[in-house]
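**Q**
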Amino acid sequence: MSIMNDDLHGFRVVGAGQDLPFGIAAGQAYRIAPLPVGPALVQLLADGRQAAAAMAIPPGAPPGVMPVVAQPPLVPMAAPPGLAVAAVAGAMVVVAGAKWVFVETMHGKVRGDDVLLHGGEMIQGDLGLQELVGQGIWAAIRNIHVRPVEEYRGAEAHHDARLLPLSFSGIAREERTWRDVSRSCQQVAITDWKLPGPRTTSFCVRFMDRHGGPEAHHRRFVSLQRLSSDSWGVAEHMKTVARLGEFDGVDIMNLVGVEVLLRKAQLIEYVYSDKGPAAKGGGKGDGEQKKKNEKGGHEVIYEASIFTGSNKEYGDTMVAPQLLEYVAKEVEKDAAVMKQVRKAREERKGAW
245 MSIMNDDLHG FRVVGAGQDL PFGIAAGQAY RIAPLPVGPA LVQLLADGRQ AAAAMAIPPG
305 APPGVMPVVA QPPLVPMAAP PGLAVAAVAG AMVVVAGAKW VFVETMHGKV RGDDVLLHGG
365 EMIQGDLGLQ ELVGQGIWAA IRNIHVRPVE EYRGAEAHHD ARLLPLSFSG IAREERTWRD
425 VSRSCQQVAI TDWKLPGPRT TSFCVRFMDR HGGPEAHHRR FVSLQRLSSD SWGVAEHMKT
485 VARLGEFDGV DIMNLVGVEV LLRKAQLIEY VYSDKGPAAK GGGKGDGEQK KKNEKGGHEV
545 IYEASIFTGS NKEYGDTMVA PQLLEYVAKE VEKDAAVMKQ VRKAREERKG AW
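With the working numbering applied, the sequence shown has no gaps in its numbers, which climb one by one up to 596 at the end.
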């Protein structure tokens, strides 16, 4: 029982059930009789104080070295509600119906994997660190109830609205399909949202889901508009958004950066659309469309689209109607301001 015995990793106080902590086998522990009582206990405490005083200065230390002050023991955290504490092992809390699991994925260990305690852990309450055997690396561990382990496994920061849970096949991360991205993402209110205008990411995610995902929509858009790889906007159209949603595991509906990317994608599609500034003659048809326009047929068709509600639909073009309304209002405001500025300039010139 010498404190210089390197064969001992630590001391554990076993509860009334005499059960060892989870992960420690009987062959790894020495059973010690209960503490004595009366004069024998007084003598034992005195011997302990004498040994502690002798070790205040490390053996062989040069003169002037400050004594080593013993640190107070870590106070165990309270057990979760509804869980009974089976044994208190020094600073470790062993909870009935709970288990120790890894809380990070690293070096062959996956978040949620069971931990086999070997006695060299640094524990504080239900959190701790364990050195991976033979690797010299410390991994974070946590003691949680057995039932939510499967939900906990791979769920990185599930309380953060910007992130989605990760899933693994072995130690390799599994990519999502865009259908899974569309179902998993959920827009939440963010009070300090910095980008002016409506949030259109939700519209774009659902739109691309109906068209087979970002990459399929991109190929269809390029084909319908007969664009080449070096056309304006083609290179920056969709690939970044696809990687963020399918591989990086972020909830793209709650990221300002993704909103900016999709605003640019909508601008690109609007420019090339039939209703955008790149349209020629109101469409891609031949002289027949021109004749309809000359006879006022175009106005009739547009009024009919308003009656049916299709004037807000862009078919194969991904443009959120609320974004167009916002842009129209902002342009109208700017035009009104510029008109007043021009009038003021003309009045000043007339006065001179």
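From the three backbone atoms N, C-alpha and C, an ideal C-beta is built for every residue, glycine too.
All of these numbers come straight from a predicted model, not from anything done at the bench.
Compare the beta carbon distance of M562 and Q510 with 8 Å and say whether it is the shorter of the two.
**A** Yes, the pair counts as a contact, with Cβ atoms nearer than the cut-off.
**Q** Within 10 Å of its beta-carbon, does K528 have 16 or more other beta-carbons around it, so buried, or fewer, so exposed?
**A** Reliability of the predicted coordinates at K528 is poor, the pLDDT of 45 falling under 50, and no value is obtained from them.
**Q** Tell me, please, whether the region 436-450 touches the region 487-506 by the rule of three or more beta-carbon pairs shorter than 8 Å.
**A** Yes, the region 436-450 touches the region 487-506.
**Q** Can the beta-carbon of V500 be found closer than 8 Å to that of L439?
**A** A contact, by the Cβ cut-off of 8 Å.
**Q** Out of G489, S517, T484, L264, which one is the CA nearest neighbour of L505?
**A** With distances taken between Cα atoms, L505 lies closest to T484.
**Q** Might you give, ordered along the chain, the residues of its own chain that have their beta carbon closer than 7 Å to the beta carbon of P280, omitting 5 neighbours on each side?
**A** For P280, where only same-chain residues beyond five positions count, the Cβ hits under 7 Å are L288.
**Q** Pop quiz: T444 and E503 are said to be a contact at Cβ under 8 Å. What is the actual Cβ separation, rounded to whole angstroms?
**A** The pair is a contact, with the Cβ atoms about 7 Å apart (cut-off 8 Å).
**Q** For the beta strand (DSSP E) that W422 lies in, which residues bound it at each end?
**A** Not the beta strand (DSSP E): W422 falls in the alpha helix (DSSP H), residues 422-428.
**Q** Sorted by chain position, which residues of the same chain lie with C-beta nearer than 7 Å to R423's C-beta, five sequence neighbours on each side aside?
**A** Taken in chain order, the residues that qualify are D453.
**Q** Only counting the same chain, and skipping five residues up and downstream in sequence, which positions put a Cβ closer than 7 Å to that of M366?
**A** If we look at M366 and ignore the five residues flanking it on each side, its Cβ neighbours are G372, L373.
**Q** Counting along the chain, where does the alpha helix (DSSP H) carrying H462 start and finish?
**A** 458-468 is the extent of the alpha helix (DSSP H) around H462.
**Q** Report whether the distance from the Cβ of I268 to the nearest heavy atom of the ligand FMN is below 7 Å.
**A** Absence of the ligand FMN is noted for the structure shown, with no ligands found whatsoever.
**Q** Between W382 and chain B, is the shortest Cβ-Cβ distance under 8 Å, so that the two count as touching?
**A** No chain B is present in this structure, which holds just one protein chain.
**Q** Going by C-alpha distance, which of D404, F412, D291 is nearest T349?
**A** If we check each option's Cα against that of T349, F412 comes out closest.
**Q** Please state if the CB of G441 and the CB of L567 are separated by a distance shorter than 8 Å.
**A** Contact flag set, yes.
**Q** Taking the beta strand (DSSP E) that E375 belongs to, which residues open and close that run?
**A** Residues 371-376.
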